[in-house]
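Undergrad: Let me give you the structure first, and then I'll get to my questions.
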Amino acid sequence: MPYYRAVGEVPRKRHTVFRKPDGGIYYEELMGEEGFSSDSSLLYHRFLPTAIVKSEPVDVPADMADTTPNMPLAPRHFRTQDLKTGGDLVEGRRLLAGNGDVRLSFARTDAPSGLYRNSVGDETVYVQSGAARFESTYGVIEAREGDYVTIPTGTIHRWVPDGTVTALVIEASGHIRPPKRYLSNYGQFLEHAPYCERDLRGPDGPMVVNGGEAQSATPVLVRTRGGLTRMTFAHHPFDVVGWDGYLYPYAFNIHDFEPIVKKTHAPPPVHQTFEGPNFVVCSFCPRPLDFHAEAVPIPYNHHNVDSDEFMYYVAGDYAARKGSGIDIGSISLHPAGFTHGPQPGAAEAAIGARETSEMAVMIDTFRPLDIGPAGREAEDPGYAWTWAR
């Protein structure tokens with residue numbers, strides 16, 4: 001994270017004795033990235049965070065793992081509205097597409113999850129509809145519609161939905177961060193950035209479980225590159241009385257993104273919101289359209305030879321896609337090797353338009369995306385031919 005936060009109780013000096021009211025000591029845990037060479041936070045536990053009493057292997061469901069190449073090469077349309085969903089926001093994920101850098105899953109759930117730790121990489125969960133309470137060793141974030149919730153690698157957490165929640169889950173093989181070009185050399189958001197520190201919401205206070213639950217052995221599902229393990233801790237891991245540092249979960253709402261507008265059509269990098277290992281995340285938001293007198297205010301046909309484009313249509317009216325079958329809840333996948341652009345007649349119809357209500361989340365990957373089980377289940381087989389109608 002680009003700025004420092006202190007939450008709850010912490011000692012004046014790090015790595016020094018920090019006593020409990022009964023005279024015992026709190027136990028430090030350093031959560032850090034890239035060895036000891038990047039962002040970190042210090043958390044203070046009532047119990048030893050290393051105390052485990054059991055470790056058991058867990059089979060990885062085929063629905064969370066199996067992918068097949070996008071062959072024969074074709075643009076794809078996944079109708080998430082048609083997916084069979086359920087479960088919780090961790091084990092109920094349906095894998096749409098993925099590669100060695102990122103996995104993209106869909107979830108629609110109303111059940112609370114168990115405790116979970118992803119030790120492969122950061123996650124960003126986009127809440128398309130509904131609301132949920134995100135609980136972690138750092139504290140609580142009340143996630144609402146339009147929020148991106150970014151979770152650092154190794155954070156123990158759970159999701160407690162308020163009713164039904166629909167979400168897109170982005171699981172990275174490394175770290176998800178604001179783009180470097182938005183930040184100063186010292187980590188402050190610059191004036192040209194489309195959002196800033198005031199737009200980010202972190203936990204406001206620690207979440208400490210008390211009573212019998214605190215003393216009870218507590219299972220945590222842990223994901224590593226080797227697979228899934230259920231690790232049982234001697235005490236509940238939500239025992240942190242305070243923490244400080246630059247590394248913590250946070251929420252950013254898509255409605256706080258400030259679109260950049262040009263006289264003629266601006267390409268997707270102006271919409272970039274986050275960057276991950278070999279992928280970027282972009283937010284397409286309502287905005288004034290191009291204001292040149294003869295502008296064509298929708299995307300030109302383009303062939304991104306180095307990237308696959310995965311677009312989740314979350315709200316509004318997407319004029320460039322009329323006649324394609326794309327609707328709210330649709331996901332399009334336009335792979336490298338295919339030239340894509342607006343549907344027939346869309347360019348002509350858009351001339352003179354002054355604003356757009358479109359809202360979409362796009363992930364561009366720089367290695368090909370394979371298709372997951374949910375993608376195969378929800379595919380519209382006629383989509384690839386809609387430009388020829």
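Residue numbers for the sequence shown follow the UniProt record's numbering, so the first one is 1 and each next one is one higher. We put the beta carbon where it would ideally sit given N, CA and C, even for glycine.
Since Phe310 and Met362 are thought to touch, with beta carbons under 8 Å apart, how far apart are those beta carbons, to the nearest angstrom?
TA: 7 Å
Undergrad: Of the choices Phe284, Gly114, Ala350, whose alpha-carbon is the least far from that of His157?
TA: Out of Phe284, Gly114, Ala350, Gly114 has the C-alpha closest to the C-alpha of His157.
Undergrad: Hey, how far is the Cα of Pro373 from the Cα of Pro112?
TA: 23 Å
Undergrad: Looking at Ala193: is its Cβ nearer than 8 Å to the Cβ of Tyr182?
TA: yes
Undergrad: Report yes or no: do the stretch 373-386 and the stretch 66-77 share at least 3 C-beta pairs separated by less than 8 Å?
TA: yes
Undergrad: Provide the residue span of the alpha helix (DSSP H) that contains Glu348, from first to last.
TA: According to the DSSP assignment, Glu348 belongs to the alpha helix (DSSP H) that extends over 346-350.
Undergrad: Do Ala266 and Ile298 come within 8 Å of each other at the CB atom, strictly closer than that value?
TA: no
Undergrad: Can we count Asp317 as close to the ligand FMN, meaning its CB is less than 7 Å from some heavy atom?
TA: The ligand FMN is absent from the structure shown, which contains no ligand whatsoever.
Undergrad: Buried or exposed for Val53, going by 16 or more other Cβ atoms inside 10 Å?
TA: Taking all protein chains in view, the Cβ of Val53 is surrounded by fewer than 16 other Cβ atoms within 10 Å, so the residue is classified as exposed.
Undergrad: For Leu333, count neighbouring C-beta atoms within 10 Å of its own C-beta (all shown protein chains included) and say buried if the count is 16 or more, exposed if not.
TA: Here Leu333 is buried: its Cβ has 16 or more other Cβ atoms, across all protein chains shown, within 10 Å.
Undergrad: Per DSSP, what are the beta-bridge partners of Thr365 in this structure?
TA: Its beta-bridge partners are Phe279, Asp308.
Undergrad: What residue does the beta strand (DSSP E) around Ala143 start on, and which one ends it?
TA: Looking at the DSSP string, the run of the beta strand (DSSP E) that includes Ala143 is 139-143.
Undergrad: Nearest to Pro237 by CA position, among Ala217, Phe338, Gly32, Asp256, is which residue?
TA: Across the set Ala217, Phe338, Gly32, Asp256, the C-alpha of Ala217 shows the shortest separation from the C-alpha of Pro237.
Undergrad: Is it true that the CB of Val222 sits closer than 8 Å to the CB of Arg117?
TA: yes
Undergrad: Does the stretch 311-328 come close enough to the stretch 268-277 to have 3 or more Cβ pairs within less than 8 Å?
TA: no
Undergrad: Between which two residues does the beta strand (DSSP E) containing Arg376 stretch?
TA: No beta strand (DSSP E) holds Arg376; the alpha helix (DSSP H) holding it covers 373-378.
Undergrad: Identify the residues that DSSP records as bridge partners of Ser136: which are they?
TA: Beta-bridge partners assigned by DSSP to Ser136: Gly139, His157.
Undergrad: Residues in the same chain with beta-carbon distance under 6 Å from Thr85, minus the five sequence neighbours each way, listed in chain order, please.
TA: Arg108
Undergrad: Using only the alpha-carbon positions, how far apart do Gln128 and Glu145 sit?
TA: 6 Å
Undergrad: Shortest alpha-carbon distance to Ala172 belongs to which of Gly154, Val220, Ala346, Lys263?
TA: Gly154
Undergrad: Tell me, please, whether the stretch 35-46 touches the stretch 290-304 by the rule of three or more beta-carbon pairs shorter than 8 Å.
TA: no
Undergrad: Considering only the beta carbon of each residue, do Glu142 and Arg133 sit closer than 8 Å?
TA: yes
Undergrad: Return the CA-CA distance between Ser41 and Tyr312, expressed in angstroms with no decimal places.
TA: 33 Å
Undergrad: Kindly indicate which three-state DSSP category Glu9 falls into: helix, strand or coil?
TA: Three-state DSSP puts Glu9 in coil, outside helix and strand.
Undergrad: According to DSSP, is Thr273 helix, strand or coil?
TA: strand
Undergrad: Does the stretch 279-294 touch the stretch 341-357, meaning 3 or more C-beta pairs lie closer than 8 Å?
TA: yes
Undergrad: Identify which residue in Val102, Asp364, Gly163 has its Cα closest to the Cα of Asp306.
TA: For Asp306, the closest alpha carbon among the candidates Val102, Asp364, Gly163 is that of Asp364.
Undergrad: What first and last residue would you give for the beta strand (DSSP E) that runs through Glu34?
TA: No beta strand (DSSP E) contains Glu34, which DSSP labels as neither H nor E.
Undergrad: Taking only three categories from DSSP, how would you classify Thr339?
TA: coil
Undergrad: Quick one: is Arg12 buried, meaning 16 or more other Cβ sit within 10 Å of its Cβ, or exposed?
TA: exposed
Undergrad: For Asp199, does the three-state DSSP call read helix, strand or coil?
TA: In the displayed model, Asp199 falls within a helix according to three-state DSSP.
Undergrad: Do you know offhand how far Gly121's Cα is from His175's?
TA: Computed Cα separation, rounded: 6 Å.
Undergrad: Quick check on Leu247: buried or exposed, where buried means 16 or more other Cβ atoms within 10 Å of its Cβ?
TA: buried
Undergrad: Please report how far the alpha carbon of Phe106 lies from the alpha carbon of Gly212, in whole angstroms.
TA: 35 Å
Undergrad: Return the first residue and the last residue of the alpha helix (DSSP H) that Gly211 is part of.
TA: 211-215
Undergrad: Output yes or no for whether 8 Å exceeds the beta carbon distance between Thr164 and Asp244.
TA: no
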